[in-house]
Amino acid sequence: MNKQFVISFLCGVMLVAGTACKNQNTPEDKTVQKRHLTIKMNDAAGAPIKKATITDEGSTLLAEWKAGDAVSCCNLSTLTSIKEIIITHDMRAATSGLRTDLEGEVECMADDYLAIVYPTVDMTQSFKMGDEIYCKFILPLSNQDGTLATLAKDFHYVYGRAHILSVSGSNAEAEMDKMQSLLTICKFSFKDKATDAVLPINTLTISYGGAGSDAGKYPQSASVTVNVLTENGEANTVKEEGSTTPLTINAGGATEVYVALLPETASRIYNFTVTNDNGIYTGTAEAWLKKGEYVPATGLKLTKQ
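This note's numbering applies: residue 989 is where the sequence shown begins, and numbers increase by one.
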């Protein structure tokens, strides 16, 4: 065999072997430890994650981030037994605008899946269903004031599942599909049915109508359960039972209010009561509220009592 060929062949083998070793996971990759994690958007353009502060653009809502917006982060891959969930509130939006990466310190390792929720929620609850362990978190609906700013800051709940693709020492990088809204955002305004005058809204109450057992009531919160298999579009709300009252919005005299409501599996009848300095006005409307939708419901006619 030609000596030069032998040397070239051996060098080629060494190069392939070195590459193979380099592509294998190191023990450090498979060790859960605190790392600086960057979460990027998973699409062909490499676009950062969309969400957060809302401005009304007419028929749609435009969502923006503010640099420093905090998100809750639960490492779903640690849910192998009932125990304290690894959680951090140190994941934050890197930049302001329509798109951003998320960055922060997270206990993780390669190939972990993380649940990301904005705005921050308590993600320390876990429970077992069959052979699966789930993370459960609550979405409060009470104390809304009807303003877009408060809704964006405290009630525009969105969920995403991130996948850690690479780990290098104390750094890690993950990707995530676009975060999905968990509620329905509605814009309401009302008119006096007799005069067609626009009604100022000191207080708005919303409840289910019809003849069902929940008539006259509305849930004050909802729960969401996710595990390592829950993809972005699969996280759904479940009504927390026990409320005997409507949902109340103290709007301070505004003529338009923004309210986050629960998505439904079918069309529902809703009761509305508006109080202002001139009296009390009531009425009903029917709608099918769907997850992630923006519903402008303006000019609804109410009857003065």
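Glycine included, C-beta positions come from ideal geometry on N, C-alpha and C.
Output the residue ranges of the alpha helix (DSSP H) runs that lie fully inside the segment 1188-1272 and measure 4 residues or longer, sorted by chain position.
none
Cα separation between Asp1133 and Ala1162?
Locating residue 1133 in the sequence shown gives position 145, counting from the first residue. Locating residue 1162 in the sequence shown gives position 174, counting from the first residue. Asp1133 and Ala1162: Cα-Cα distance of roughly 36 Å.
Measuring CB to CB, does Val1226 end up less than 8 Å from Ile1237?
Within the sequence shown, residue 1226 is the residue found at index 238, counting from 1. Within the sequence shown, residue 1237 is the residue found at index 249, counting from 1. Not in contact: Val1226 and Ile1237 (Cβ atoms no closer than 8 Å).
In this structure, does DSSP put Asp1142 in helix, strand or coil?
Taking the sequence shown and counting its residues from 1, one reaches residue 1142 at position 154. DSSP places Asp1142 in helix when its eight states are reduced to three.
Counting C-beta neighbours from all protein chains within 10 Å, is the total for Asn1259 16 or more, i.e. buried, or is it exposed?
Within the sequence shown, numbered from 1, the residue matching residue 1259 stands at position 271. Asn1259 is buried by the Cβ-count criterion.
Given a threshold of 16 other Cβ atoms within 10 Å of its Cβ, counted over all protein chains shown, does Met1029 qualify as buried or as exposed?
Counted from its first residue, the sequence shown places residue 1029 at position 41. Label assigned to Met1029: buried.
Quick one, are the C-beta atoms of Leu1192 and Pro1251 less than 8 Å apart?
Here the question's residue 1192 lines up with position 204 in the sequence shown. Here the question's residue 1251 lines up with position 263 in the sequence shown. Contact flag unset, no.
Just checking my contact of Ile1194 with Leu1139 at CB under 8 Å: how many whole Å lie between their CB atoms?
Position 206 of the sequence shown, counted from the first residue, corresponds to residue 1194. Position 151 of the sequence shown, counted from the first residue, corresponds to residue 1139. So it is not a contact: roughly 14 Å between Cβ atoms.
One question on the structure: do Met1097 and Val1155 come within less than 8 Å of each other, judged by their Cβ atoms?
Counting from 1 along the sequence shown, the entry for residue 1097 is found at position 109. Counting from 1 along the sequence shown, the entry for residue 1155 is found at position 167. Yes, Cβ-Cβ distance for Met1097 and Val1155 is below 8 Å.
His1024 bridges to which residues according to DSSP?
Position 36 of the sequence shown, counting from 1, holds the residue named residue 1024. According to DSSP, His1024 bridges with Glu1093, Asn1159.
Restricting to Cα atoms, I'd like to know which of Val1216, Gly1204, Val1059, Ile1126 is closest to Thr1270.
Within the sequence shown, residue 1270 is the residue found at index 282, counting from 1. In this structure, Gly1204 is the residue among Val1216, Gly1204, Val1059, Ile1126 with its C-alpha nearest to the C-alpha of Thr1270.
If I measure Cβ to Cβ from Glu1281 and keep anything under 6 Å in the same chain, skipping five residues before and after, which residues do I get?
Here the question's residue 1281 lines up with position 293 in the sequence shown. Correct list, in chain order: Thr1172.
So, at 6 Å on beta carbons, what are the nonlocal neighbours of Gln1208 in its own chain, with the 5 sequence-adjacent residues on each side left out?
If you number the sequence shown from 1, residue 1208 lands on position 220. These residues qualify, in order along the chain: Leu1129, Ser1130, Ser1231.
Compare the Cα-Cα distances from Thr1286 to each of Ala1185, Glu1219, Gly1197, Arg1087 and report the closest residue.
Position 298 of the sequence shown holds residue 1286. Nearest C-alpha to Thr1286: Ala1185.
What does the alpha-carbon distance come out to for the pair Gly1272 and Gly1056?
For the purposes of this step, residue 1272 is taken as residue 284 along the sequence shown, with counting starting at 1. For the purposes of this step, residue 1056 is taken as residue 68 along the sequence shown, with counting starting at 1. The sequence shown places Thr at residue 1272, rather than the Gly named in the question. Between Thr1272 and Gly1056, the C-alpha separation is close to 41 Å.
In chain order, what residues of the same chain lie with their CB nearer than 8 Å to the CB of Trp1276, ignoring the 5 residues before and after it?
Here residue 1276 refers to the residue found at position 288 of the sequence shown. Closer than 8 Å at the Cβ level, and outside the excluded window around Trp1276, lie Glu1252, Ala1254, Ser1255, Arg1256.
On a CA-only basis, which of Asp1099, Leu1049, Gly1118, Ala1223 is nearest Ala1137? Give me that one, please.
Translated into the one-based positions of the sequence shown, residue 1137 becomes position 149. Per the C-alpha coordinates, the member of Asp1099, Leu1049, Gly1118, Ala1223 positioned closest to Ala1137 is Leu1049.
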